[in-house]
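For the sequence shown, my numbering gives the first residue as 17, with consecutive numbering after it.
Ideal placement from N, C-alpha and C gives every residue a C-beta, glycine not left out.
Computed from a predicted structure; not experimentally measured.
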Amino acid sequence: MILVIGAGGQVGQELVFNLREIYGNDKVVASDLRELQDQSGPFEVLNALDKNRLHEIVAKYKIKEVYHLAALLSATAEKQPKFGWELNMDSLFYVLDLAKDKIIDKIFWPSSIAVFGPNTPRDNTPQHTVTDPTTVYGISKLAGERWCEYYAKNYGVDVRSIRYPGLIGYKTLPGGGTTDYAVDIYHQALAEGKYECFLKENAYLPMMYMEDAIRATIELMQSDSDKISIRSSYNLGGISFSPKEIAAAIKKEIPSFTISYNPDFRQKIAESWPSSIDDSQAQKDWNWKMKYDLDNMTIDMLSQLKKMKAL
Ligand code: AKB
């Protein structure tokens with residue numbers, strides 16, 4: 017049995033859907049702070065900081081695999097630093113300890129490009145390099161990565177992780193990240209024909225279409241354990257583009273679309289992150305291969321959003 021913590025979030029909703037397609041609706045327990053609309057399988061209300069409730073759910077369903085997605089993202093955690101640290105770290109320990117105590121067998125926990133910082137090489141950022149994050153979110157993800165590796169090496173815990181780039185999907189809205197503009201822009205392009213961006217026009221960041229990100233997550237989790245050479249977190253490259261370039265891709269589909277720029281505090285966060293990522297280790301270890309580039313992602317995003325609006 018599988019438990020997804022944070023099933024109501026941007027990644028969670030899509031991951032639950034895909035896991036249920038593969039393993040069956042009744043084999044995947046979704047959990048979140050609040051009840052979810054989609055009740056296609058078992059659901060439990062769970063605050064990721066409530067260790068007793070987590071243990072209760074794990075025992076009730078005989079959970080063996082946990083996808084722990086609950087976290088405060090970069091922009092939100094800057095507004096509540098102490099709580100961001102507490103949520104992102106304590107909840108991870110609760111899950112890691114379940115595996116250390118042999119109650120569960122396998123964990124997926126997402127890290128992020130936010131582990132990098134201003135002294136990290138910005139282009140084609142290597143797997144092993146300077147990590148000097150400037151945000152609470154990045155600090156918590158970097159600390160989490162070190163703990164994952166520690167638990168894997170010292171207690172034999174089977175924990176797997178990906179440093180997600182900015183994720184772009186049509187089914188759900190992101191919650192409180194620096195890369196959120198790249199989802200918002202598609203919604204606004206269809207609704208208003210224009211978009212005001214909170215980053216500068218040349219703020220290059222690594223991004224990825226949700227379908228690729230979900231596939232990467234499941235492929236990593238399905239790989240043989242002896243193929244996984246990285247127990248902290250794998251770099252995942254994705255597509256690198258700037259607000260100006262995504263606007264140009266949208267303009268190809270909606271010629272009247274316009275963009276303007278009004279950078280806020282998130283610009284500084286974006287400047288501290290890489291512009292592109294080297295994911296050759298993921299390619300080598302578990303045959304990772306991305307499918308979507310900027311143009312085919314844009315075509316798919318716009319057509320899916322149009323379909324959803326028509327419903
Ligand atoms: C954020 O912008 O905080 C996230 C991330 C890159 O991890 N999307």
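Item, Value
"Residue span of the alpha helix (DSSP H) that contains V175, given as start and end", "No alpha helix (DSSP H) holds V175; the beta strand (DSSP E) holding it covers D174 to R176."
"Whole beta strand (DSSP E) elements within the stretch 36 to 95, 3-residue minimum", "44 to 48, 59 to 61 and 81 to 84"
"Nearest-angstrom Cα separation, counted from A168 out to K116", "9 Å"
"Per DSSP, cross-strand counterpart(s) of L183", "M224"
"Whether V20 touches Y110 by CB criterion (8 Å)", "no"
"Separation of R50 from L70, as counted between CA atoms", "15 Å"
"Cβ separation of Y354 and A93, assumed to be a contact under 8 Å, to the nearest whole Å", "Because the chain in this structure spans residues 17 to 327, residue 354 falls outside the shown range and cannot be described."
"Cβ pair L321, Y202 closer than 8 Å", "yes"
"Range covered by the alpha helix (DSSP H) that runs through T314", "L310 to A326"
"Cβ-heavy atom distance, T145 to ligand 1, below 7 Å", "no"
"Sequence-distant residues of its chain with Cβ nearer than 7 Å to A130 (five each side left out)", "S90, P149, T151, Y153, G154, K157 and W289"
"T195 beta carbon near ligand 2 (any heavy atom closer than 7 Å)", "In terms of ligand content, the structure shown lacks ligand 2 and carries ligand 1 instead."
"Near ligand 1: Y225 beta-carbon under 7 Å from a heavy atom", "no"
"For E217, the three-state DSSP class (helix, strand or coil)", "coil"
"Selection from M237, T141 and A205 that minimises the alpha carbon distance to P222", "T141"
"Proximity winner among A263, A159 and K187, relative to D54 (alpha-carbon distances)", "K187"
"S90 Cβ short of 7 Å to ligand 1 heavy atom set", "yes"
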